[in-house]
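The structure under discussion appears below in the form of structure tokens.
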Amino acid sequence: MLDERIERIIDAAERMKLAEYVRYQSDRKRRLWDAFLEGVLRGLGFMVGFSMLGALVIYLLQSLALQNLPLIGDYVAKVVMLVESRIH
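Numbering (the working numbering), first residue to last: 737 to 824.
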């Protein structure tokens, strides 16, 4: 009975790849490298996403400015001109 329980625990540990996980946790250099790469990729993702979102907002503001709405059009036109002057 005890032998069967031990065998089941060993089988479960093998299915979970516990040995690989313990090896990974004990390798400090690999964990630091993985954390570094994760941070770099997360930063690139934020940069690309923010750029796309900013371009979309500028496009929407330009389309609002072109519609010549009475109050909004002048304000949006000024904002778009300021943004474009900062870009160039």
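No residue lacks a Cβ here, since even glycine has one placed at the ideal position from N, Cα and C. Quantities reported herein were computed from a predicted structural model and do not represent experimental measurements.
Quick one: grab the DSSP three-state call for residue i.
i    : result
D763 : coil
Q803 : coil
K753 : coil
M817 : helix
M737 : coil
Taking the straight line between their C-alpha atoms, what separation do you get for residue i and residue j?
i    : j    : result
L754 : L780 : 32 Å
A801 : D810 : 7 Å
I808 : S799 : 11 Å
F772 : D763 : 14 Å
R822 : E756 : 52 Å
V758 : G790 : 43 Å
R699 : L768 : The structure shown does not extend to residue 699, since the chain is modelled only from 737 to 824, so the question has no answer here.
F782 : G775 : 11 Å
D747 : M737 : 15 Å
I742 : L777 : 42 Å
Is it true that the CB of residue j sits closer than 8 Å to the CB of residue i?
i    : j    : result
L797 : V815 : yes
Y760 : R751 : no
V812 : I794 : no
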